[in-house]
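Asker: Using the numbering used here, the first residue of the sequence shown is number 7, and each one after it goes up by one.
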Amino acid sequence: MSLTDLKRKKPKQVIKSVSVEDFIEDANNYAFGKASILSTQPPPLVKGLDKKSTKMYRHATFTLTESSISQLDELSKETKIAKSRLVRILIDEFSRKSFDEQISVVNKNKN
Numbered sequence: 007m008s009l010t011d012l013k014r015k016k017p018k019q020v021i022k023s024v025s026v027e028d029f030i031e032d033a034n035n036y037a038f039g040k041a042s043i044l045s046t047q048p049p050p051l052v053k054g055l056d057k058k059s060t061k062m063y064r065h066a067t068f069t070l071t072e073s074s075i076s077q078l079d080e081l082s083k084e085t086k087i088a089k090s091r092l093v094r095i096l097i098d099e100f101s102r103k104s105f106d107e108q109i110s111v112v113n114k115n116k117n
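Below you can see the structure in the form of structure tokens.
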């Protein structure tokens, strides 16, 4: 097996057979502006990062406490924002603070 065998491939489109009656009924629905009964498309696949944006990110490994992980999980569920994006937002917010504010936050959160 070579690396080219591991490439992602687009899923093949399944063509289903349609009876004449269903085709005519669907054409009538189309003419009246109703939803098509034949073209039930599967829900769009949830995509990850596209190839262009992956060049902007690097994988990082760091350690969090159990309470930090649960807080991050809760924030992610409430805001419906990915955890990695939340971390980037929090880092950006922290970096915009003045040095004195940063020291104050660090001292306040010492364990």
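Glycine included, C-beta positions come from ideal geometry on N, C-alpha and C.
Taking the Cβ atom as the reference point for each residue, do Leu-92 and Ser-82 lie within a distance shorter than 8 Å?
Answerer: yes
Asker: In angstroms, rounded to a whole number, what distance separates the CA positions of Thr-85 and Ile-75?
Answerer: 15 Å
Asker: Helix, strand or coil for Ser-90, going by three-state DSSP, please let me know.
Answerer: helix
Asker: Quick one: give me the first and last residue of the alpha helix (DSSP H) that Ser-76 is part of.
Answerer: 72-85
Asker: What are the boundary residues of the alpha helix (DSSP H) that includes Ala-33?
Answerer: 26-37
Asker: Can you give the Cα-Cα distance for Ser-110 and Met-62, rounded to whole angstroms?
Answerer: 31 Å
Asker: Ser-101 to Ile-95, Cα distance in whole Å?
Answerer: 10 Å
Asker: When every heavy atom of the ligand HEM is checked, does at least one fall within less than 7 Å of the C-beta of Asn-34?
Answerer: Absent from the structure shown: the ligand HEM. Ligands present: none.
Asker: Identify whether Ile-95 lies in helix, strand or coil by the three-state DSSP scheme.
Answerer: helix
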